[in-house]
Amino acid sequence: MKIRILFEDNWKFTLKMCDFLDAHHLYFKDASVIIEYCKKNKINIIFANNYRAQNFLQLNQESFNNENIKFLINSRYVIDTFVDKKKFVVFMSQQGFADYLPETYELDKTIVYPCIIKPKMGGIGKGVRIAYTEEDLKNIDEKKYLISEFLDGFEYATSIFYYRGEIVNHYTYIKKVNKSHYVLQHIDPKDIQEETCETPYLEIFLAVLRAANPNNETCQCSINYKIIADTPKIFEINCRIGYTLARHPQDFKDFIQSYLAVLKDNIEVAEVGSWFTPMDLASITDGIWGNLTDDLKINEVQYIYKYLQPGNLYVVRHDGWPNSLGYLPNEESAHKAINKGVVALMVSQTFNKKVNIPLLRVKNTYQALEKLAIKTSELSKSKRILIVGSYGKTGLKNNLYHLLKNKLTIYTRLDSANYSASTYCSLASLCKEHNLYIVELPIASKQKIIKRAQIIAPDICVLTSIGHEHIERFKTIDNIIENKVAVAAGLSENGKFIIPRESPHYEKILLALGKYQSINTLTFGYHQDCSARIIYQNYSNFGWDLIARIESEIVCYRLPFPEVHAPLSSLAVLLCAFHLNINIHDIVESYSTSSNFESSGRLFKLKHQNKYFYLYDQSHRGGIESYASFFETIRYFKPENQGKKIVLTSEFVDCKDNETQYINCLYFRQLIDKAGIDALYTVENFCEHINVLDNKNIWKNHAYDFNAIKEELYN
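Numbered according to the working numbering, the sequence shown terminates at residue 715, and the numbering increases by one at each position without gaps.
1) If you run the structure through DSSP and keep just helix, strand and coil, what is residue 51?
2) Mind checking which residues open and close the alpha helix (DSSP H) that includes residue 243?
3) Hey, residue 11 and residue 246: beta-carbon distance below 7 angstroms or not?
4) Using the three-state DSSP reduction, which class does residue 585 fall into: helix, strand or coil?
5) Answer yes or no: does any C-beta atom of chain D fall closer than 7 angstroms to that of residue 236?
6) Per DSSP, which one or two residues make a beta bridge with residue 536?
7) Suppose you measure from the CA of residue 673 to the CA of residue 703; what does that come to, to the nearest Å?
8) Mark residue 13 as exposed unless 16 or more other C-beta atoms lie within 10 angstroms of its C-beta, in which case mark it buried.
9) Report yes if the C-beta distance between residue 387 and residue 462 is below 7 angstroms; otherwise report no.
10) Enumerated in chain order, which unbroken segments of the alpha helix (DSSP H) with a length of 4 residues or greater are wholly contained in the segment 590-663?
11) Determine the contact status of residue 315 and residue 346, defining contact as a CB-CB distance below 7 angstroms.
12) Alpha helix (DSSP H) containing residue 76: first to last residue?
13) Can you list, in chain order, the residues of its chain whose CB lies under 8 angstroms from that of residue 198, leaving out five sequence neighbours each side?
14) Could you give the C-beta distance for residue 377 and residue 466, rounded to a whole number, given that I count them as a contact under 8 angstroms?
15) Under three-state DSSP, which class holds residue 279?
16) Quick one: give me the first and last residue of the beta strand (DSSP E) that residue 500 is part of.
17) Mind checking who residue 695 pairs with in its DSSP beta bridge?
18) Going by DSSP in three states, residue 682 sits in which element: helix, strand or coil?
19) Quick one: what does DSSP say residue 14 is sitting in, helix, strand or coil?
20) Residues in the same chain with beta-carbon distance under 6 angstroms from residue 150, minus the five sequence neighbours each way, listed in chain order, please.
21) Counting pairs of beta carbons, one from the segment 206-218 and one from the segment 73-92, are three or more of them closer than 8 angstroms?
22) Using the three-state DSSP reduction, which class does residue 478 fall into: helix, strand or coil?
23) For residue 252, which three-state DSSP category applies?
24) Please name the residue in 556, 152, 291 whose C-alpha comes closest to that of residue 547.
25) For residue 335, I'd like the list of residues in its chain whose CB is within less than 8 angstroms of its CB, leaving aside the five on either flank, ordered along the chain.
26) Is it a yes or a no for the segment 163-179 touching the segment 243-257, going by three-plus beta-carbon pairs under 8 angstroms?
27) Please say whether residue 372 and residue 284 have beta carbons closer to each other than 7 angstroms?
28) What is the rounded straight-line gap between the Cα of residue 525 and the Cα of residue 572?
29) Please classify residue 115: does DSSP put it in a helix, a strand, or coil?
30) Within the same chain, show all residues whose beta-carbon is closer than 6 angstroms to that of residue 168, passing over the 5 residues directly before and after it, in chain order.
31) Is DSSP giving residue 148 helix, strand or coil here?
32) Taking residue 542 and residue 603 to be in contact with their CB atoms under 8 angstroms, please state how far apart those CB atoms are, rounded to whole angstroms.
33) What's the gap between the Cα of residue 357 and the Cα of residue 8?
34) By Cβ distance below 6 angstroms, which residues in the same chain neighbour residue 435 in space, the five residues on each side in sequence not counted?
35) Going by C-alpha to C-alpha distance, which of 601, 365, 640, 470 sits closest to residue 421?
36) Enumerate in chain order the residues of its own chain whose CB-to-CB distance from residue 394 is below 7 angstroms, with the five nearest sequence positions on each side excluded.
What follows is the structure in structure tokens.
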């Protein structure tokens with residue numbers, strides 16, 4: 001039986017050659033017209049084969065979801081970034097992929113001819129041309145065009161299907177033209193020799209797609225590039241598969257089969273995964289449904305608008321939530337949430353917005369969410385890992401997920417949202433097939449910490465660190481420790497608590513844990529008695545080569561993170577894996593494709609004025625311990641070719657946290673002296689730290705507003 005699929009209104013002749021398809025075509029303009037056509041022709045699958053289709057389906061997801069018409073499309077971010085050529089260049093540069101781009105030029109800078117002129121927006125070669133002289137660039141509007149170097153050689157086109165952080169299918173074609181200077185789309189097809197070839201540089205393409213899809217979104221794309229000096233030079237990524245693939249029926253059939261398998265997987269997770277029917281949800285939350293449909297399928301529960309995805313149940317905040325400053329009412333966002341594809345709303349009884357999707361009315365949505373989380377936790381048989389600490393929680397969670405995702409079916413949220421409502425939403429989203437749940441908790445009152453930990457009922461607790469964050473609230477380090485380790489009250493029978501042996505507060509941590517009965521304490525560090533310890537470490541090329549013992553296993557691995565604390569953090573990850581009965585030798589290679597969470601530190605290789613720079617960004621966190629780690633880390637950075645080490649910083653702490661009084665000036669003087677800084681620029685309240693500078697010759701300038709010193713810094 002042929003597969004009946006609706007495509008956008010192109011590729012008609014080509015898809016007639018695919019005898020496995022019953023291909024239908026429409027111009028994607030009016031959702032109601034398309035839905036009516038699908039009903040009439042019994043079509044329930046759409047394939048978005050161009051940008052217009054991707055964009056149209058992105059904007060009309062709710063209408064198609066309501067009619068059970070299925071499709072997979074790229075995220076809004078991917079569509080916008082890949083279509084706009086200038087945004088694409090910025091994205092690649094910021095993510096550290098500048099080496100894989102052609103050189104780009106500005107009109108007032110040196111330009112090497114011939115060069116390529118291409119419209120900022122658009123595809124299939126429209127408006128692309130070659131400029132051979134300065135005369136050819138006259139009247140070019142840089143806001144509308146991108147000027148880049150001309151690349152010699154054959155063009156490659158790689159169509160990729162990316163799903164859940166991995167490339168599940170790919171096809172590559174090399175296009176040979178017997179001509180030195182040309183734009184491929186302007187060449188007569190009969191003069192192009194097209195061959196199938198193995199996909200080169202797959203790891204590079206995977207890294208790019210992971211950066212473009214940080215939440216593991218599905219992505220279909222076509223990467224166009226030439227190979228220069230054994231390096232791919234990517235001149236564009238199209239946010240749809242390549243037309244070349246469609247011209248090869250057998251390859252396209254294989255690709256479509258992958259598409260259908262993933263589509264089926266998505267549908268089955270929604271149908272099979274949930275613990276509850278809509279009536280169960282109403283019973284658990286003491287709610288009443290309005291606008292309920294027979295086919296309601298919820299994939300996740302969410303209360304933060306910016307994180308909403310199609311298929312979510314949106315928990316709407318209202319007056320009456322605890323912590324009114326942290327949980328502001330957001331009933332006005334309901335209609336915008338529906339446009340993002342949510343399939344149901346949980347609202348208060350006083351909610352008065354007119355909507356056309358299912359509504360679960362409850363007395364208090366926070367309390368209803370908590371009930372739902374408790375019930376899901378009781379039913380789920382998944383193992384649970386609970387992470388606490390002053391620093392490093394989200395980074396450890398992300399690395400743990402990355403290393404284990406191919407071994408276990410995991411539910412976690414890779415962002416740093418960790419308020420109680422976030423915890424309850426993630427717990428409520430656990431499905432039957434999940435066999436591991438990873439969650440982080442922030443500090444709170446001891447009573448609240450114990451309550452949440454008992455709801456989660458972890459099998460393993462991990463304490464990443466103890467620092468001065470929130471000292472203004474808890475007054476002493478001892479109080480911070482006591483509240484952090486209170487999660488031990490929720491540990492399941494035979495549960496394990498993993499703690500950092502190298503913490504300066506190690507003895508106090510042990511003492512605080514001693515108040516809880518039957519705690520199996522494990523340690524990670526450098527000491528001989530640690531459950532997981534570093535045997536050998538060597539820093540090279542912005543990373544660490546390590547040999548470690550994890551309980552009874554010796555393992556060697558490369559860690560692609562420059563931070564001085566990264567080796568110890570990796571021990572906690574591997575110790576968790578070991579006690580989940582995972583073979584750690586099978587997973588350490590996955591570190592090679594890991595990337596830091598933004599608050600853990602990001603390293604970029606950038607180009608500015610024909611020079612390359614490494615940019616190390618640690619601007620997402622402030623705190624005494626994290627600043628100390630920063631200065632220790634950059635001590636290992638050794639600029640080449642007489643390069644300089646330049647630091648831009650503000651104050652060392654968030655002023656509102658009242659940590660300034662705990663800064664040890666002598667300690668920071670030693671750290672800064674050893675860091676080998678050539679030039680220091682400062683902003684905002686750094687002048688409060690004047691005593692940490694022993695050598696003030698490195699201090700070049702200060703301004704409260706960065707813009708006042710920006711030009712000096714760039715030059």
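A virtual CB, placed ideally from N, CA and C, is assigned to each residue, including glycine.
This is what the structure holds:
1) Here residue 51 is taken as the residue at index 51 of the sequence shown, counted from 1. Looking at residue 51 - three-state DSSP - the assignment turns out to be helix.
2) By one-based count along the sequence shown, residue 243 stands at place 243. Residue 243 -> alpha helix (DSSP H) spans 243-246.
3) Here residue 11 refers to the residue found at position 11 of the sequence shown. Here residue 246 refers to the residue found at position 246 of the sequence shown. Between residue 11 and residue 246, the gap from beta carbon to beta carbon is short of 7 angstroms.
4) Numbered from its first residue, the sequence shown carries residue 585 at position 585. Three-state DSSP puts residue 585 in a helix.
5) Going by chain labels, chain D is absent from the structure shown, which holds only one protein chain.
6) Mapped onto the sequence shown, residue 536 falls at position 536. Its beta-bridge partners are 547.
7) Within the sequence shown, residue 673 is the residue found at index 673, counting from 1. Within the sequence shown, residue 703 is the residue found at index 703, counting from 1. Spanning the two alpha carbons is a distance of roughly 22 angstroms.
8) Within the sequence shown, numbered from 1, the residue matching residue 13 stands at position 13. It is exposed - the Cβ of residue 13 has fewer than 16 other Cβ atoms within 10 Å.
9) Against the sequence shown, residue 387 aligns to sequence position 387. Against the sequence shown, residue 462 aligns to sequence position 462. Yes, Cβ-Cβ distance for residue 387 and residue 462 is below 7 angstroms.
10) 624-634
11) Your numbering for residue 315 matches position 315 in the sequence shown. Your numbering for residue 346 matches position 346 in the sequence shown. Yes; because the gap between Cβ atoms is below 7 angstroms, this pair is in contact.
12) Here residue 76 is taken as the residue at index 76 of the sequence shown, counted from 1. Note, residue 76: alpha helix (DSSP H), 76-83.
13) Counted from its first residue, the sequence shown places residue 198 at position 198. 172.
14) The residue given as residue 377 occupies position 377 in the sequence shown. The residue given as residue 466 occupies position 466 in the sequence shown. Not really, about 27 angstroms apart at Cβ, beyond 8 angstroms.
15) Working through the sequence shown from its first residue, we reach residue 279 at position 279. For residue 279, the three-state secondary structure derived from DSSP is helix.
16) Reading the sequence shown from its first residue, position 500 is the one you call residue 500. Following the DSSP letters along the chain, one finds residue 500 inside the beta strand (DSSP E) bounded by residues 496-500.
17) Along the sequence shown, read from residue 1 onward, the residue named residue 695 stands at position 695. For residue 695, which the question treats as bridged, DSSP gives no partner whatsoever.
18) Numbered from 1 along the sequence shown, position 682 holds the residue referred to as residue 682. Of the three classes helix, strand and coil, the one that applies to residue 682 here is strand, per DSSP.
19) In the sequence shown, the residue the question calls residue 14 occupies position 14. In this structure, residue 14 counts as helix in the three-state DSSP scheme.
20) As a working mapping, residue 150 is identified with position 150 in the sequence shown. Answer for residue 150: 114, 115, 116, listed in chain order.
21) yes
22) Mapped onto the sequence shown, residue 478 falls at position 478. Here residue 478 sits in helix by DSSP.
23) Locating residue 252 in the sequence shown gives position 252, counting from the first residue. Residue state, collapsed to three classes: helix.
24) As a first step, residue 547 is located in the sequence shown; it is residue number 547 there, counting from the start. When each option's Cα is compared against that of residue 547, the closest is 556.
25) As a first step, residue 335 must be located in the sequence shown, where it is residue number 335. For residue 335, where only same-chain residues beyond five positions count, the Cβ hits under 8 angstroms are 353, 355.
26) yes
27) Position 284 of the sequence shown, counted from the first residue, corresponds to residue 284. Position 372 of the sequence shown, counted from the first residue, corresponds to residue 372. Closer than 7 angstroms, so yes.
28) On the sequence shown, residue 525 is found 525 positions in, with the first residue counted as 1. On the sequence shown, residue 572 is found 572 positions in, with the first residue counted as 1. Looking at the two C-alpha atoms, the distance is approximately 9 angstroms.
29) For the purposes of this step, residue 115 is taken as the residue at position 115 of the sequence shown. It is a strand residue.
30) As a position in the sequence shown, residue 168 is number 168, starting the count at 1. If we look at residue 168 and ignore the five residues flanking it on each side, its Cβ neighbours are 161, 258.
31) Taking the sequence shown and counting its residues from 1, the one referred to as residue 148 is at position 148. Strand at residue 148.
32) Here residue 542 refers to the residue found at position 542 when the sequence shown is read from its first residue. Here residue 603 refers to the residue found at position 603 when the sequence shown is read from its first residue. Beta-carbon to beta-carbon, residue 542 and residue 603 are separated by about 6 angstroms, close enough to satisfy the 8 angstroms threshold.
33) Taking the sequence shown and counting its residues from 1, one reaches residue 357 at position 357. Taking the sequence shown and counting its residues from 1, one reaches residue 8 at position 8. Approximately 28 angstroms, taken between the alpha carbons.
34) In the sequence shown, the residue the question calls residue 435 occupies position 435. Closer than 6 angstroms at Cβ, skipping near neighbours: 382, 408, 409.
35) Here the question's residue 421 lines up with position 421 in the sequence shown. The candidate whose alpha carbon is nearest that of residue 421 is 365.
36) Taking the sequence shown and counting its residues from 1, the one referred to as residue 394 is at position 394. 416, 440, 597, 599.
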